[in-house]
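Quick note, the sequence shown lines up with residues -20 to -1, 1 to 181 if you use mature numbering (1 follows the signal peptide of the UniProt record, and there is no 0).
Glycine included, every Cβ here is placed at the ideal spot set by N, Cα and C.
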Amino acid sequence: MLQVEMVLFICLVVLMCVFSQEPGSKVVADRFAVFWNRTNTKFHRGDYHIDVCINDYLDVYCPHYEDSVPEERTERYVLYMVNYDGYSTCDHTAKGFKRWECNRPHSPNGPLKFSEKFQLFTPFSLGFEFRPGREYYYICDLHHCSEREKTCLKLKVFVRPSDSCMKTIGVHDRVFDVNDKVDNTLEPRDDTSHENAAPSR
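Encoded structure:
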């Protein structure tokens, strides 16, 4: 009988711990997977877009091939984060910077994966900070796209305003107004300059 009481007591304590947590103290994040290759039909119309909330993730998967596929038949991409003009013209040279490089199509550990966390602040010097209510754009430079690729692969990401995200944030997190003044020049925070990637010859 003592064992039954002990089990009931432990169950009661566990339930109290679970239900006593304040709902606002939990952070929920979604992950959005994008397979960056010309066979992804979501790129075909040129309007591929996703809506995210702060603290969500974008996972970009690079093309990956078996060893039997020759190098000249593989896709390799240099992905850039650009402003709207760069997105609409598929040109990274005006206001854009290199974000990732899909350059190992035969990687022995599977496809390369790059992750972007949509956060208000970043602890990383080369990280990027995002603001609710704004759009962000990713493209691959046509010079670096596959020879067989006729269209620009591009992605639009809209960071939804905080009030349209049903996720909860911690009670001590600061709430940001969508109209907060933000320098959105697509330059990294640490004022380092980044060279433009030139086509390899």
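Looking only at Asp143, Asp39 and Ser105, the smallest Cα-Cα distance to Cys82 is reached by Asp39. Taking each of Lys134, Asp143, Val139 and Pro141 in turn and checking the Cα distance to Asn20, the smallest one comes out for Lys134.
Note on geometry: alpha-carbon atoms of Val58 and Pro112 lie some 26 Å from one another.
DSSP, reduced to helix, strand and coil, places Glu(-16) within a helical segment of the structure shown. By the Cβ criterion, the segment 33 to 52 is in contact with the segment 94 to 109, since at least three pairs of Cβ atoms, one from each stretch, lie closer than 8 Å. Taking the C-beta atoms as reference points, Val137 is found no nearer than 7 Å to Arg114. In the DSSP assignment, Asp47 falls outside any beta strand (DSSP E) and carries neither an H nor an E. Annotation: the continuous alpha helix (DSSP H) that includes Gly66 extends over Tyr64 to Thr69.
Per DSSP, reduced to three states, the secondary structure at Arg84 is coil, with no helix or strand assignment. In the DSSP assignment, the residues bridged to Phe138 are Asp31 and Glu115.
Separation of Asn17 and Arg53 (C-alpha to C-alpha, rounded to the nearest whole angstrom) is 13 Å. Closest in C-alpha terms to Arg25, from the list Cys132, Asn89, Phe15 and Cys145, comes Cys132.
A distance below 7 Å between beta-carbons, with the five flanking residues on each side excluded, links Leu92 to the following residues of its chain, in chain order: Cys42, Cys82 and Arg84.
DSSP lists no bridge partner for Cys132.
Assignment of Phe23 by DSSP, reduced to helix, strand and coil, places it in the helix class.
One alpha carbon belongs to Phe23, the other to Cys70, and they sit about 13 Å apart. Per DSSP, the unbroken beta strand (DSSP E) holding Ala13 starts and ends at Arg11 to Phe15. Note that the C-beta distance between Asn63 and Lys78 is not below 7 Å. Taking each of Leu106, Ser87, Thr73 and Val32 in turn and checking the Cα distance to Glu55, the smallest one comes out for Ser87.
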